[in-house]
Amino acid sequence: MKFNLCCKVLKSSLNRLSIRQLSSSIQNQNDLFNAELKRQQNAVGRIEKINVVYKGVPEDAELIMNKNLSTPYNCAQHLSEMLCNRSVLALVDGVKLWDMHRPLESDCEVQLLHFHDTDPYHCNRTFWRSCSIMLGSVLSRVFKEDVQVALHSFPSPTVKSGSFVYDVELSLPDWNPTPAELRVLSGEMVKLAYEEIPFERLSIGQDLAEELFQHNRHKLEQIPSIVQQSLDGKVIVYRIKDHIDISRGPMMSNTNHFGRCTIVSAHKIETDVGLLYRFQGVALPKAMQLNHFAYGIIEERAKKLNSGRLPTIQGEYQPAMTSREEIAAPV
Amino acid sequence: MANQAEVTKLVSRLKIPILAKHRRLRNPEGPQGRVKKIRAIVTALFKYERIEVYHYDGDEARGYAERLISDAIRHGDTHKETMEMADYWIEEKNLVHKLFKVLVPRFQNTSSSYTRMLNAPIPHATPEDSHPHFRSVIELRGNPFPPLIQSAVDNRLLIQNVLLEEAKKEYRAAKYAEIAQDLESRANEKSDASSETREDTAEDESQPK
Amino acid sequence: MLPKAHLVFSKLKINLLKIENTLACTLGFQQHPPLDFNIAQVQNKSFPEPKTLTKLSLKELFDTSILWAAPKGRKTLEKRQMNRYGFKDQVWKMLMPRTDLTVCNTCGYTHHKKTLCGNCYAKVKEETTKLQDKIVAALGLNPVDKEVVVLYKGEKENASDEFYKTHKVIEVEAERPPWFSKNLLQKTTQKPSDSTDVKPTELG
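Protein chains in written order, with the working numbering: chain A, 1 to 331; chain B, 1001 to 1209; chain C, 2001 to 2204.
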């Protein structure tokens, strides 16, 4: 069967190799994001120094870094290339999970976490969450122009559930993805990983958030409840390349941690907000190798409908991660 | 063909690769010196359970140690030839006891090789394409010493192990449910059958009346 | 001012004389001055008298000196390049980045891909030798008929009497090193627990 025939609703891969024209709304979103990023960097003003104590391999170190500018990734750059490559997440002061590309705010003690740790619980969770947001990024641009896509949200990541999830509203009333279509989605995910894009984090106010997501009614509905539930009344957004999404985080440092991936199914789910498609997939980090038989078992299990929280009407929105969970349990 | 002995059964099949031709291990004392060196290494391996030697010597001696353990497991300590071999290759005689009383029970049910050989670290400045005299670490498995390498996949908290564990649980739950259903249906059948038989007996009983 | 002008004048005079002399020599009006003319005469007996050069004869040359071999022909470019840089796949003389190094996940030091990590191995080796010495000293020349188990400080309380009967227990005064995990060992003094959902807590 010809490839194009399999993918009736998805853009053909060949077409998209030509220079992709960003739609005006996405361009607008990115301009807003860039402007806010620049504003926040300028707001730092006079650069102050902070004392960062690094604990871990190859040896403990003490670094003098820039307040509100230097990130854990910058610390890793001072220490070892291996740390830059393998670190997924930072643990600040032994309790707070911190993105690798989020500026440090005060004197602190930093540990760098990776997938081969003794207890990689937080790395695994972060990986699962990052996979969800990457899936959202892929879904938002992979469909043809005549299909309207509105990303809704994804439930709190649980690795034990067997699959990562993104709930999306499509203007297709009855769509069953063919295996070829699912394969295209998986391929897009892997392509995103090859591009080695860092996750950019930004904490923004409610007004700006509403301006950013003015084209997405689901996100617009969610923003007030997110602001209400957050401690400082801010919304945290992440950007991968040109895709911007809301998540409490933390995310892994770069898409290149992402190894192999399969998007296994898209289930139709009836919710309070209407008919949504629950896209499910399974992925492994690049650092992990698994034989195809064992991976097949995991894939097979991921096809079942994920038991994660179903999207609810506005006001009862639960963020992907509550602030309490952001604080790592003492090991 | 039928009268021919099966060669595979005469000699223990070892779980390590053995070279087609033995190594000469050049020595000023000639072949005698080679044997002496191997005996020393085999003895040290049984005594210390983990030793570091030159790769070629160690690799050669490893085969002899494996063969001794394998024979000891197959024939036991009442077999004359095996005992003679052990007596020849093990220089310290208290270790002959160890071979039969400690190592045989330890390795009786293992499916892997009895020894393990790993490359010892080499100096950092060694050129990539040079062939220095590599050293190797040989150890008997199941020794009481700290492990040389931590396995990269053993940790059950790694993401793939978590996923596989959950898949296993789900599969088991499904199987148990199936079995339970099966038992239930069987019990139902049985109860039906027994009730039938009871009816039959009742009928039988009723008939003579 | 006056001495400086004088100096310039004398230099000019010397130069003019030199030019005149050279011209005369080249045109053949005058002979070159002899070589030893330039040597300042020193009243010293030890000063060697200048040798009188005799005419070189080929025979004398062969008799008195060693003749070294000298290249007779031109080396080809390939040959010269080979001598300078070596051959790519066999002997390459240039410095190349290494491709066979890797980083130890446990300690973060680099080591060769096919070998154990040097840093970790040094640690393990030290502990192993310590234990081996203890075990060998404890066993002596007696026949070995029990499995040897090493118990660190604070671990022998858990061991039962039956365990002592079936195993040769070597006690070590020191604490168990944190990287020498108890859980990874096959042999243990602890009874297997009855509960099914045990989480490993003391890994690594």
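Every residue, glycine too, gets a C-beta built ideally from N, C-alpha and C.
Report yes if the CB atom of A:Ile-246 is closer than 8 Å to the CB atom of A:Val-237, and no otherwise.
The residue given as residue 246 of chain A occupies position 246 in the first sequence. The residue given as residue 237 of chain A occupies position 237 in the first sequence. With respect to the 8 Å criterion, A:Ile-246 and A:Val-237 are classified as neighbours on the basis of their beta carbons.
Which residues, taken in chain order from the segment 235-251 of chain A, show a beta carbon closer than 7 Å to some beta carbon of chain B?
Against chain B - using a Cβ distance shorter than 7 Å - the segment 235-251 of chain A contributes no residues.
Is there a Cβ from chain C that is less than 8 Å from the Cβ of B:Val-1102?
Sequence index remark: in the second sequence, residue 1102 of chain B carries index 102 (1-based). Residue contact check for B:Val-1102 against chain C: a CB pair falls below 8 Å.
With respect to the beta strand (DSSP E) encompassing B:Tyr-1054, which residues constitute its N-terminal and C-terminal limits?
To locate residue 1054 of chain B, count along the second sequence from 1; it is residue 54. Note, B:Tyr-1054: beta strand (DSSP E), 1050-1054.
Taking Cβ to Cβ, would you say A:Val-387 is nearer than 8 Å to A:Met-189?
Because chain A in this structure spans residues 1 to 331, residue 387 of chain A falls outside the shown range and cannot be described.
Output yes if chain A places a C-beta closer than 8 Å to the C-beta of B:Ala-1152; else output no.
On the second sequence, position 152 is the one that residue 1152 of chain B refers to. At a cut-off of 8 Å between beta-carbon atoms, B:Ala-1152 makes contact with chain A.
Note down, in chain order, each residue of its chain lying with its Cβ closer than 8 Å to the Cβ of B:His-1022, except the 5 sequence neighbours on either side.
Counted from its first residue, the second sequence places residue 1022 of chain B at position 22. So the list reads Glu-1060, once near-sequence residues are dropped.
Give the secondary structure of C:His-2167 by DSSP, where H, G and I count as helix, E and B as strand, and everything else as coil.
If you number the third sequence from 1, residue 2167 of chain C lands on position 167. In the structure shown, C:His-2167 sits in a strand (DSSP, three-state: E or B).
Tell me A:Cys-261's beta-bridge partners as DSSP assigns them.
Translated into positions along the first sequence, residue 261 of chain A becomes position 261. DSSP, once it has assigned bridges, lists A:Ala-283 as partnering A:Cys-261.
Closer than 9 Å, Cβ to Cβ, to anything on chain B: give me those residues from the segment 107-139 of chain A, in chain order.
Against chain B - using a Cβ distance shorter than 9 Å - the residues of the segment 107-139 of chain A are Phe-115, His-116, Asp-117, Thr-118, Asp-119, Pro-120, Tyr-121, Cys-123, Asn-124, Phe-127, Trp-128.
Using a C-beta to C-beta distance shorter than 8 Å, which residues of chain C count as neighbours of B:Phe-1107?
As a working mapping, residue 1107 of chain B is identified with position 107 in the second sequence. In chain order: nothing, as chain C lies at least about 12 Å away.
Proximity test, Cβ basis, 8 Å: A:Pro-157 and chain C:
As a working mapping, residue 157 of chain A is identified with position 157 in the first sequence. Under the Cβ distance rule, A:Pro-157 does not count among the residues neighbouring chain C, no pair being separated by less than 8 Å.
Going along the chain, which residues of the segment 283-301 of chain A sit with their C-beta nearer than 7 Å to a C-beta in chain B?
Close to chain B, meaning a Cβ-Cβ distance shorter than 7 Å, are the following residues of the segment 283-301 of chain A: Leu-284, Pro-285, Met-288, Leu-290, Ala-294, Ile-297, Ile-298, Arg-301.
CA-CA distance, A:Ala-90 and A:Arg-239?
The residue labelled residue 90 of chain A in the question sits at position 90 within the first sequence. The residue labelled residue 239 of chain A in the question sits at position 239 within the first sequence. Those two C-alpha atoms are separated by around 19 Å.
Is DSSP giving A:Pro-198 helix, strand or coil here?
Residue 198 of chain A sits at position 198 when you count from the first residue of the first sequence. In the three-state reduction of the DSSP assignment, A:Pro-198 falls in the strand class, which pools E and B.
Listed by chain order, chain C residues near A:Val-88 by CB distance under 8 Å
Counting from one through the first sequence, the residue named residue 88 of chain A turns up at place 88. Residues of chain C whose Cβ lies closer than 8 Å to the Cβ of A:Val-88 do not exist; the shortest such Cβ separation is about 14 Å.
Quick one: using the 10 Å Cβ neighbour count with 16 as the cut-off for buried, is C:Thr-2022 buried or exposed?
Within the third sequence, residue 2022 of chain C is the residue found at index 22, counting from 1. C:Thr-2022 comes out exposed.
Distance, Cα to Cα, B:Thr-1082 vs B:Leu-1025?
Within the second sequence, residue 1082 of chain B is the residue found at index 82, counting from 1. Within the second sequence, residue 1025 of chain B is the residue found at index 25, counting from 1. Rounded to whole angstroms, B:Thr-1082 to B:Leu-1025 spans 25 Å at the Cα level.
Rounded to the nearest angstrom, what separates A:Asp-232 and A:Gly-205 at their Cα positions?
As a working note, residue 232 of chain A is residue 232 in the first sequence. As a working note, residue 205 of chain A is residue 205 in the first sequence. Rounded to the nearest angstrom, the two C-alpha atoms are 9 Å apart.
Under 7 Å from the C-beta of C:Thr-2085: neighbouring residues of chain A:
The residue given as residue 2085 of chain C occupies position 85 in the third sequence. It is Tyr, not Thr, that sits at residue 2085 of chain C in the sequence shown. Residues of chain A passing the Cβ test: none, with the nearest at roughly 29 Å.
Along chain A, which residues have their Cβ under 7 Å away from the Cβ of C:Asn-2105?
Indexing the third sequence from 1 puts residue 2105 of chain C at position 105. Within chain A, the residues near C:Asn-2105 are His-116.
Nearest by alpha-carbon distance to C:Pro-2177: which of B:Ser-1194, B:Phe-1145, B:Ser-1185, B:Leu-1183 is it?
For the purposes of this step, residue 2177 of chain C is taken as residue 177 along the third sequence, with counting starting at 1. Comparing Cα-Cα distances from C:Pro-2177 to each of B:Ser-1194, B:Phe-1145, B:Ser-1185, B:Leu-1183, the minimum goes to B:Phe-1145.
Considering only DSSP beta bridges, list what A:Tyr-54 is partnered with.
Taking the first sequence and counting its residues from 1, the one referred to as residue 54 of chain A is at position 54. Partner(s): A:Ala-61, A:Val-110.
Can you name the residues that DSSP bridges to A:Thr-271?
To locate residue 271 of chain A, count along the first sequence from 1; it is residue 271. Looking at the DSSP assignment, A:Thr-271 forms a beta bridge with A:Gly-274.
Quick check on this structure: which residue in B:Pro-1127, B:Ile-1149, B:Thr-1043 has the alpha carbon closest to the alpha carbon of B:Ala-1120?
In the second sequence, the residue the question calls residue 1120 of chain B occupies position 120. Out of B:Pro-1127, B:Ile-1149, B:Thr-1043, the CA that lies nearest to the CA of B:Ala-1120 is found in B:Ile-1149.
Please decide whether A:Pro-224 counts as near chain C, where near means a Cβ-Cβ distance under 8 Å.
Here residue 224 of chain A refers to the residue found at position 224 when the first sequence is read from its first residue. No, its Cβ sits nowhere closer than 8 Å to a Cβ of chain C.
B:Asp-1087: buried (16+ other C-beta within 10 angstroms of its C-beta) or exposed?
Numbered from 1 along the second sequence, position 87 holds the residue referred to as residue 1087 of chain B. By the beta-carbon neighbour count (other beta carbons within 10 angstroms, threshold 16), B:Asp-1087 is exposed.
First and last residue of the uninterrupted alpha helix (DSSP H) at A:Ala-90:
Stepping through the first sequence from its first residue, residue 90 of chain A is reached at position 90. No alpha helix (DSSP H) contains A:Ala-90, which is instead part of the beta strand (DSSP E) from 89-92.
What did DSSP end up calling C:Thr-2201 once you bin it into helix, strand or coil?
Here residue 2201 of chain C refers to the residue found at position 201 of the third sequence. Low per-residue confidence applies at C:Thr-2201: pLDDT is 48, beneath 50, and the placement is therefore not dependable enough to give any value.
Presumed contact (8 Å Cβ cut-off) between A:Pro-155 and A:Arg-309, rounded CB distance
As a position in the first sequence, residue 155 of chain A is number 155, starting the count at 1. As a position in the first sequence, residue 309 of chain A is number 309, starting the count at 1. Sure, about 4 Å apart at Cβ, within 8 Å.
Is the segment 115-126 of chain A touching the segment 202-218 of chain A in the sense that three or more CB pairs, one from each, lie closer than 8 Å?
Segments in contact, no.
Coarse secondary structure for B:Thr-1110, derived from DSSP in three states:
Position 110 of the second sequence, counting from 1, holds the residue named residue 1110 of chain B. Under the three-state reduction of DSSP output, B:Thr-1110 falls in the coil class, being neither helix nor strand.
Does the distance from the CB of A:Pro-103 to the CB of A:Ser-70 come in under 8 Å?
Within the first sequence, numbered from 1, the residue matching residue 103 of chain A stands at position 103. Within the first sequence, numbered from 1, the residue matching residue 70 of chain A stands at position 70. The Cβ atoms of A:Pro-103 and A:Ser-70 sit closer than 8 Å to each other.
In whole angstroms, what separates the C-alpha of A:Gly-45 from that of A:Asn-66?
Start at 1 with the first residue of the first sequence, and residue 45 of chain A comes out as number 45. Start at 1 with the first residue of the first sequence, and residue 66 of chain A comes out as number 66. About 11 Å.
Can you grab the Cα-Cα spacing for the pair B:Val-1162 / A:Val-9, in whole Å?
Start at 1 with the first residue of the second sequence, and residue 1162 of chain B comes out as number 162. Start at 1 with the first residue of the first sequence, and residue 9 of chain A comes out as number 9. Near 35 Å, if we compare the C-alpha coordinates of A:Val-9 and B:Val-1162.
Contact with chain A by B:Leu-1163, beta-carbon distance below 8 Å
Taking the first residue of the second sequence as position 1, residue 1163 of chain B is located at position 163. Yes, because at least one Cβ of chain A sits closer than 8 Å to the Cβ of B:Leu-1163.
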